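One structure below.
Below is the structure:
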């Protein structure tokens, strides 16, 4: 209840929808998707993690580019627009989006919002 952001509801909802869709799409069947929401004095962090195949180090710098798709994405489907749209919407909101991926921890997308002042 003490986590508040001042932002555009529909735009935030679209970013979260894209991240949930990707986590579900790239997770193994019946695998847990972990979601966390926490804050510091000035920022609010939303993270979503799945244990699917990790994103390669070569792909990480390009993952938010329009139409960019990794080889595994070609097998799953899609058009390579979701993450670029999420990044664009985060930029519009003044938020940041980041990704970390490794074989041990899986893939985690984090959106960092400015907290309510």
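In my numbering, the protein residues as written are 11 to 127.
Cβ coordinates follow ideal geometry from the N, Cα and C atoms, glycine included.
Bear in mind the structure is a predicted one, so any value in this text is a computation, not a measurement.
Exclusion of the five residues before and after residue 111 leaves 64, 65 and 117 as the residues of its chain whose Cβ lies within less than 6 Å of its Cβ.
Between residue 17 and residue 123 a beta carbon distance of about 6 Å is seen, short of the 8 Å cut, so the two are scored as contacting.
Put simply, the backbone Cα of residue 25 is about 7 Å away from that of residue 100. Boundaries of the alpha helix (DSSP H) harbouring residue 34: 19-36, taken from the DSSP string. Look at residue 92 here: in three-state DSSP terms it is helix.
Linking residue 67 to residue 104 through their CA atoms gives a straight-line distance of about 26 Å. With 16 or more other Cβ atoms from the protein chains shown falling within 10 Å of its own Cβ, residue 79 counts as buried. Secondary structure of residue 72 (DSSP, three-state): helix.
DSSP lists 56 as the beta-bridge partner residues of residue 47. Cα atoms of residue 20 and residue 74: separation of roughly 20 Å, rounded to the nearest angstrom.
Spatial neighbours of residue 33 in its own chain (CB-CB distance under 7 Å, excluding positions within 5 residues in sequence) are listed in chain order as 43, 58 and 60.
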